[in-house]
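Residue numbers (mature numbering (1 follows the signal peptide of the UniProt record, and there is no 0)): -20 to -1, 1 to 416. Where is the CB? At the ideal position from N, CA and C, for every residue including glycine. Okay, so here's the structure we're looking at.
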Amino acid sequence: MPINFTSILLLLCGIFAVFAALLARHGFTGRDHVVGIDLGTTYSVVAISQKNSVTAIADSDGHVLIPSTVAFLPHGEIVVGRKARAHLIKDPQHTIFNAKRFIGRRYEEVLSLEGNSDGVMPYEFSIKSLQDDNNDGVCFMLDVHGQPDCVTPVKIGGAIVQHLCNMARRFIGHDQITKAVIAVPVDFNERQRNATVAAFQSAGLQVSRVLEEPTAAAIAYGLHQDPNVSFLLVFDFGGGTLDVSLLFARNGAINVLDTLGDSHLGGEDLDARLAAWLVKQFEAQLGVAITSRGTEAEASGNDKKEPPCTQAGVRHAAELLKRQLTDASVASASCVWTEPSQSQAEIHIRAEVEITRAQFEDLCKSLLERTMIPVREVLETNNMETEEIDAVVLVGGSSRIPWVRERLTDMFQGRAPLSDIDPDLAVAYGAARTLD
């Protein structure tokens, strides 16, 4: 029987068409996908642009905000994100966070910026100096089986980026992600920027473009292409820092004119203030002193689980309470005290405290008022009036606080700041949109 080459060719074409359709259905476009990544001090985010729509990618538990935390477990395993944060109470010496504060900085610089007057660092992990200028200048000391005795901030950043990249690959259904657009703080010097790029490269990603964070936030809203916007202000109030940037946009281009802020003022400071108040309230109810003693419940990493009455547990309760007060005028926080007993099962005692938004604002008044100082200063320094600002953009989870939004609205003649895009996601959104 003669071979019908036409039929075979048609069959092969059909198979190829089906295969191509399946790939397309899973996001394969024949070219590499480019992700936008915000490698943050407290949380990190990865976003992707597909068919002119930007999506912030969630992990397997549905979280889009990934704690910028890396833990080195006793048997050599490395975990990132919420699992790492849950490990903090068990082994704080080998759980690294806030690595963005260290990346690209020399040892002496880190001590002067992060340490107290005696040079003591506010962390339970230890750092030491690296003499090799090709590295970060500092590294985090480890004593873990199967791990080096010291890892650099670049390696920590690379582990977080790798975790984000794996999330993105699961989201699109294949490994066609090799490039990223990234965003860095305006005040990062060349050494810090290069170290950040090196972190992405260590995770196997090529950096297509490096944006400044306020620029990325403005791009997220398309303000660089808005004919009615010339001058804009980006108010970035994150977990660990506050940055207020003045930008100028024209003809699709956007430039940062000036940035002022406070590198040691963020949502974590509000959490600490609220936690200290909660500890006193809980101790009064329980009749015991709350210590730093940890429990297995605290190490679960479950944001919905009621925290234990320990210092770290109450700190977690304070963070949750602050979030509740963003939308509610009254909220409550609780914790569970575990009383050991030799004669019977452990006794669990629940303590609960209610607080109003007004009480929270009064408690944190001095911190909140500090947030408005760089707004006034950046305008005064550049001889500008509030009327000349065409738009104000909110970035960072702490910018959700109603007090902050109300003060900015009052300052800019009743014009509410832009917050349609989740402030936690705005930078990653802008990075993902850049190559549309």
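If I measure Cβ to Cβ from residue i and keep anything under 8 Å in the same chain, skipping five residues before and after, which residues do I get?
{"i": "residue 122", "result": "52, 74, 128, 129, 130, 131"}
{"i": "residue 126", "result": "55, 56"}
{"i": "residue 166", "result": "192, 193, 194, 223, 225, 236, 239"}
{"i": "residue 355", "result": "213, 215, 224, 388, 391"}
{"i": "residue 319", "result": "326, 327, 328, 329"}
{"i": "residue 155", "result": "149"}
Counting C-beta neighbours from all protein chains within 10 Å, is the total for residue i 16 or more, i.e. buried, or is it exposed?
{"i": "residue 228", "result": "exposed"}
{"i": "residue 282", "result": "Confidence in residue 282 is poor, its pLDDT being 48 and thus under 50, which makes the residue's placement unreliable; the coordinate value appears in the next sentence. With fewer than 16 other Cβ atoms within 10 Å, it is exposed."}
{"i": "residue 92", "result": "exposed"}
{"i": "residue 368", "result": "exposed"}
{"i": "residue 172", "result": "buried"}
{"i": "residue 271", "result": "exposed"}
{"i": "residue 258", "result": "buried"}
{"i": "residue 276", "result": "Any reading at residue 276 needs caution, since the residue's pLDDT is 40, under 50, leaving its predicted position unreliable; the model's value is listed next. Flag for residue 276 reads exposed."}
{"i": "residue 360", "result": "exposed"}
{"i": "residue 246", "result": "buried"}
{"i": "residue 153", "result": "exposed"}
{"i": "residue 330", "result": "exposed"}
{"i": "residue 403", "result": "buried"}
{"i": "residue 102", "result": "exposed"}
{"i": "residue 42", "result": "exposed"}
{"i": "residue 31", "result": "exposed"}
Since residue i contacts residue j with CB under 8 Å, what's their CB separation in whole angstroms?
{"i": "residue 149", "j": "residue 157", "result": "6 Å"}
{"i": "residue 216", "j": "residue 375", "result": "4 Å"}
{"i": "residue 48", "j": "residue 70", "result": "In fact, because the Cβ distance is near 19 Å, the residues do not count as touching under 8 Å."}
{"i": "residue 160", "j": "residue 118", "result": "Their Cβ separation, rounded to whole angstroms, is 25 Å, which puts residue 160 and residue 118 out of contact at 8 Å."}
{"i": "residue 220", "j": "residue 23", "result": "About 10 Å; that fails the 8 Å criterion."}
{"i": "residue 178", "j": "residue 142", "result": "Not a contact, Cβ separation roughly 13 Å."}
Is residue i helix, strand or coil by DSSP?
{"i": "residue 288", "result": "strand"}
{"i": "residue 238", "result": "strand"}
{"i": "residue 308", "result": "coil"}
{"i": "residue 382", "result": "helix"}
{"i": "residue 192", "result": "strand"}
{"i": "residue 16", "result": "strand"}
{"i": "residue 398", "result": "strand"}
{"i": "residue 156", "result": "coil"}
{"i": "residue 266", "result": "helix"}
{"i": "residue 318", "result": "strand"}
{"i": "residue 104", "result": "coil"}
{"i": "residue 344", "result": "coil"}
{"i": "residue 414", "result": "coil"}
{"i": "residue 87", "result": "helix"}
{"i": "residue 182", "result": "helix"}
{"i": "residue 275", "result": "With a pLDDT of 43 at residue 275, under the threshold of 50, the modelled position of that residue is not reliable, and the figure given next carries that caveat. Coil, per DSSP."}
{"i": "residue 111", "result": "coil"}
{"i": "residue 226", "result": "strand"}
{"i": "residue 328", "result": "strand"}
{"i": "residue 151", "result": "helix"}
{"i": "residue 409", "result": "helix"}
{"i": "residue 334", "result": "strand"}
{"i": "residue 403", "result": "coil"}
Using a Cβ-Cβ cut-off of 7 Å (strictly less than) and excluding sequence neighbours within five positions of residue i, which residues of its own chain qualify?
{"i": "residue 426", "result": "Lying before the first or after the last residue shown, residue 426 is absent from the chain, which here runs from -20 to 416."}
{"i": "residue 408", "result": "16, 17, 18, 25, 26, 27, 36"}
{"i": "residue 387", "result": "352"}
{"i": "residue 343", "result": "253, 254, 257"}
{"i": "residue 249", "result": "347"}
{"i": "residue 289", "result": "262, 266, 270, 315, 316, 317, 331"}
Excluding the 5 residues flanking residue i on each side, which residues of the same chain have their C-beta closer than 6 Å to its C-beta?
{"i": "residue 197", "result": "214, 373, 375, 406, 407, 410"}
{"i": "residue 50", "result": "60, 64, 76, 136, 139"}
{"i": "residue 133", "result": "79, 82, 83, 116"}
Can residue i be considered in contact with the ligand GDP, in the sense that its beta carbon sits closer than 7 Å to one or more heavy atoms?
{"i": "residue 126", "result": "No copy of the ligand GDP appears in this structure; indeed no ligand is present at all."}
Does the contact criterion of 3 or more C-beta pairs under 8 Å hold for the region 339 to 357 versus the region 376 to 393? The region 376 to 393 and the region 339 to 357 touch, with three or more beta-carbon pairs separated by less than 8 Å.
Taking 8 Å as the threshold, find out whether the region 229 to 249 comes into contact with the region 383 to 401 through three or more Cβ pairs. Result no; under three Cβ-Cβ pairs closer than 8 Å.
The region 300 to 314 in contact with the region 325 to 338 per 3-pair CB rule at 8 Å: Flag = yes, the region 300 to 314 and the region 325 to 338 touch.
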